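Protein chains in written order, with my numbering: chain C, 2 to 278; chain L, 1123 to 1398.
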């Protein structure tokens, strides 16, 4: 009897512990957020400032929060559409950056002379902040839409390119020796040795780049008037002194950025085998 | 028992030996001037012979073997395989690398298939698959074909590396300290397997080792190198034990200890390593 009871008790205890752990994982950050909101509310009540407290923000923007899908034409659209349009731009610019960045990165990684010639240029260009590209992009492309795409592209490409090149350069000499002894054809070498070996580095680049391009699109849209997008939405709200709307947008931007990074991390776990993560 | 190079050449059946290292020197340029690794090395190897190379670290054993595999070229002199100078690495001189060099993202099967696929382009896919399976079975890995290298032990990795090399039926098999990182039991097992395989496939084997007993068990001749810089072959020792060899019976003979002491004397008295 006692044995049977013990066996019965043990798993339920384990389950209980797991559940407790789960609850704690959710409750701790929630509690922290509540405390921070409280501090924010108190500060706006004490200090003389134009910034609204969290209660006022919700009061002023509950329509925006509850109806993210409205569409009254022009730039007068719900937050979902604003974010969605910005994300579309990111998707296009980022995809171009990924294709060109990985391609160029492989070339630079394989070719010593190319790498010597281009390395200083890359290092100068990659430190240029996204906003500094905006006037150049506008001057060169004349229109807002392609200029925004270009800004994302030029921001996202550097980490992808540089990480890919590093990944290709670090292919262990042993693997290259194997390729030489077997006299592997170029395509076999590319798909069986080069790409798998560089893949962890390429993913590091891709993950850094997705964060950067999300930062860049908002900066770019703020400067480009009259387009749908979360960046211009913020600028428009500022022009109309709707600080609460800006704060709600910031929350959206943060959540989407977090989502993008988690998405890349998840893709990484899908593609890279255990041993290479 | 101890023969010079010339008598070894004379005793061979062919007029021209299979592999010839002819007056080979290797000089590496460094900041402080040229560094001579090997100087005037001569060696003639017959087809199907099992040669072990022994010497202190830094004596240029690996450099010598790299010139046979084609990863390095002699500064002066020539290395000839069947009368032709060696230009670059190729699958006719397969190398079992020191660190196994298996591709971790490919399965054991795919690692071996990679080479088979390149070397036998005229064969059908099922034929190539058959070859891979045959050689993996030979090294006792028929059940581990779908595993990835990080999932298997060091001894198994070395077996895969040997299977990968042998599946291409190379003229020369080059092994750079293949069993150095393995435990004593696995090491002895693999030595015996290597001998068995060598017996059936009759390829020429060049193997670097640090282990005199290993060399005495495996080799037809033991090449003992002098210390670097400017190392050369100090002596080539004939190992006359009849094959198939039995390790314990071999070790009971007085001759075994004569050879062993001779090699030890060479390494630790005549060419003792002066630790810099």
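Using N, Cα and C, we set each Cβ at its ideal position, and we do this for glycine too.
Source: prediction; values computed, not measured.
Asked                                                                                                                                            : Found
Rounded Cβ spacing between residue 1344/L and residue 1361/L (contact assumed at less than 8 angstroms)                                          : 6 angstroms
Cβ shell of residue 272/C (< 8 angstroms), same chain only, five flanking positions each side left out                                           : 200 and 204
Interface partners of residue 1225/L on chain C, CB under 9 angstroms                                                                            : 176, 179, 193, 194, 197 and 198
DSSP bridge partner residues for residue 1176/L (one or two, in chain order)                                                                     : 1346/L
Opening and closing residue of the alpha helix (DSSP H) in which residue 83/C lies                                                               : 80 to 111
Cα-Cα separation between residue 225/C and residue 65/C, rounded to whole angstroms                                                              : 22 angstroms
Interface positions of the segment 253 to 269 of chain C facing chain L (Cβ-Cβ less than 8 angstroms), listed along the chain                    : none
Burial state of residue 1346/L (16 or more Cβ within 10 Å)                                                                                       : buried
Residue 1139/L versus residue 1167/L: straight-line alpha-carbon distance, rounded                                                               : 6 angstroms
Environment of residue 1365/L [buried if 16+ CB atoms lie within 10 Å]                                                                           : exposed
Any non-hydrogen atom of the ligand SAM closer than 7 angstroms to residue 1357/L Cβ                                                             : As presented, the structure is devoid of all ligands, the ligand SAM included, so that no description of it is given.
Limits of the unbroken alpha helix (DSSP H) element including residue 68/C                                                                       : That residue, residue 68/C, is in no alpha helix (DSSP H); it is neither H nor E in DSSP.
Collapsed DSSP secondary structure at residue 1286/L in the structure displayed                                                                  : helix
Terminal residues of the alpha helix (DSSP H) in which residue 1373/L lies                                                                       : 1369 to 1374
Within 9 angstroms of chain C by C-beta, residues of the segment 1180 to 1203 of chain L in sequence order                                       : 1191, 1192 and 1193
Cβ neighbour criterion (16 or more within 10 Å) applied to residue 1292/L                                                                        : buried
Contained alpha helix (DSSP H) runs [length at least 4] in the segment 1178 to 1227 of chain L, N- to C-terminal order                           : 1183 to 1191
Touching by the beta-carbon criterion (3+ pairs, under 8 angstroms), the segment 1148 to 1159 of chain L and the segment 1319 to 1335 of chain L : no
Proximal residues of chain L, C-beta to C-beta of residue 186/C below 8 angstroms                                                                : 1240
Per-residue DSSP class, three states only, for residue 55/C                                                                                      : helix
Min CB distance residue 189/C to chain L below 8 angstroms                                                                                       : yes
Interface residues of chain L facing residue 183/C [CB-CB closer than 7 angstroms]                                                               : 1213, 1236, 1237 and 1240
Chain C within 8 angstroms of residue 1228/L, Cβ atoms only                                                                                      : yes
Exposure label - residue 192/C; buried when at least 16 CB within 10 Å                                                                           : exposed
N-terminal and C-terminal residue of the beta strand (DSSP E) that residue 1326/L is part of                                                     : 1326 to 1330
contact_flag[the segment 117 to 132 of chain C, the segment 51 to 70 of chain C] where n(CB pairs < 8 angstroms) is 3 or more                    : no
Supposed close pair residue 1215/L, residue 1296/L - CB separation, criterion 8 angstroms                                                        : 6 angstroms
Beta-bridge partners of residue 1353/L, as assigned by DSSP                                                                                      : 1160/L
Cutoff 8 angstroms: residue 1276/L Cβ touching any chain C Cβ                                                                                    : no
Chain C contact residues for residue 1221/L, given Cβ-Cβ distances below 8 angstroms                                                             : 175
Chain-ordered neighbours of residue 1149/L on chain C, where CB pairs are closer than 7 angstroms                                                : In chain order: nothing, as chain C lies at least about 22 angstroms away.
Complete alpha helix (DSSP H) runs within the segment 152 to 184 of chain C (minimum length 4 residues, chain order)                             : 174 to 183
CB contact check: residue 1217/L to chain C, cutoff 8 angstroms                                                                                  : yes
Inter-residue Cα distance where the pair is residue 1318/L and residue 1196/L                                                                    : 33 angstroms
C-alpha gap between residue 1126/L and residue 1357/L, whole angstroms                                                                           : Only weak support is given to the placement of residue 1126/L: the predicted model assigns it a pLDDT of 45, under 50, and the question is left unresolved by the model.
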